[in-house]
Amino acid sequence: MNKLILCLGLAAFVGTSLSARAEDVAEVKISAEKLTLFYDTKEFTVKAGQKVKLTLANPAGSPFPHNLLIVKPGKKDVVGMASNTAMTDPTYLTEKNAIPESEDILHHTTLVQAGEEDTIEFTAPEEPGDYPYLCTYPGHWAVMNGVMHVE
């Protein structure tokens with residue numbers, strides 16, 4: 120009987136711990152600055168394996184659409200240069216949402232027009248590190264970027 124109570128108590132504890140982690144969602148909202156090529160958030164931190172709900176907002180009156188791509192550590196310039204090359208594709212801004220083809224891209228929003236926003240949900244990498252994010256609309260990536268820190 121004592122073993123049964125102990126097992127049930129342990130199961131309840133483990134179940135509670137797992138559901139608490141599953142419910143631990145990091146909600147992040149990043150906005151493009153209206154008249155500059157910058158995000159209003161240059162960095163944010165999440166836990167390894169944590170669920171993330173990320174919203175990219177592009178304010179009304181912004182002269183450009185924007186997106187947000189999270190890439191592997193150390194790959195910001197590689198993906199940025201791929202976006203420069205991809206601009207020769209006539210479907211890059213329409214069908215491809217200004218997202219270059221690259222295995223270094225982990226997550227991305229759509230191309231967000233002025234006055235709109237896009238929300239994506241994903242699980243943060245299990246590997247701690249600094250994961251760059253950038254806008255790959257033509258000419259933006261070199262200055263419109265930031266870092267997702269995974270602890």
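According to our numbering, the stretch in the sequence shown is residues 120 to 270, in order. The beta-carbon is built from N, C-alpha and C at its ideal position, and this holds for glycine as well.
If you check the beta carbons only, do residue i and residue j fall under 8 Å apart?
| i | j | result |
| --- | --- | --- |
| Leu230 | Pro178 | no |
| Asn186 | Ile224 | no |
| Thr174 | Thr238 | yes |
| Leu156 | Met263 | yes |
| Lys170 | Glu245 | no |
| Glu270 | Pro247 | yes |
Give the DSSP bridge partners of residue i, in chain order.
| i | result |
| --- | --- |
| Tyr250 | Met267 |
| Phe241 | Val171 |
| Phe157 | Paired residues: none, contrary to the question. |
Is there at least one non-hydrogen atom of the ligand FAD closer than 7 Å to the beta-carbon of residue i?
| i | result |
| --- | --- |
| Pro244 | Absent from the structure shown: the ligand FAD. Ligands present: none. |
What residue from the options has the CA that sits closest to residue i's CA?
| i | options | result |
| --- | --- | --- |
| Ala167 | Gly265, Thr242, His259, Gly193 | Thr242 |
| Pro251 | Pro192, Lys215, Leu212 | Pro192 |
| Glu194 | Val147, Ser221, Glu214, Thr228 | It should be pointed out that residue 194 corresponds to Lys in this sequence rather than to Glu. Residue Ser221 is the option with its Cα nearest to Lys194. |
| Gly258 | Gln232, Thr228, His226, Thr204 | Thr204 |
| Gly265 | Val197, Lys161, Lys172, Glu146 | Lys161 |
With a threshold of 8 Å on Cβ separation, who are the neighbours of residue i within its own chain once the five nearest residues in sequence on each side are excluded?
| i | result |
| --- | --- |
| Asp159 | Ile149, Ser150, Ala151, Glu152 |
| Asp143 | Lys166, Gln169, Lys170 |
| Cys126 | The predicted model places Cys126 with a pLDDT of 46, which falls under 50 and marks its position as unreliable; any figure quoted below should be read in that light. For Cys126, where only same-chain residues beyond five positions count, there are no Cβ hits under 8 Å. |
Excluding sequence positions up to five away, which residues of its chain have a Cβ less than 6 Å from the Cβ of residue i?
| i | result |
| --- | --- |
| Ala176 | Ser150, Glu236 |
| Gly234 | Ala179 |
| Val147 | Phe163, Leu173 |
Once you ignore the five residues that flank residue i on each side, which residues in its own chain have a CB closer than 7 Å to its CB?
| i | result |
| --- | --- |
| Trp260 | Gly199, Ser202, Leu253, Cys254 |
| Met267 | Phe163, Val165, Ile189, Tyr250, Tyr252 |
| Thr228 | Leu175, Asn186, Leu187, Asp237, Ile239 |
Every unbroken beta strand (DSSP E) within the region 176-229, with a cutoff of 3 residues, ordered by chain = 188-190, 224-227
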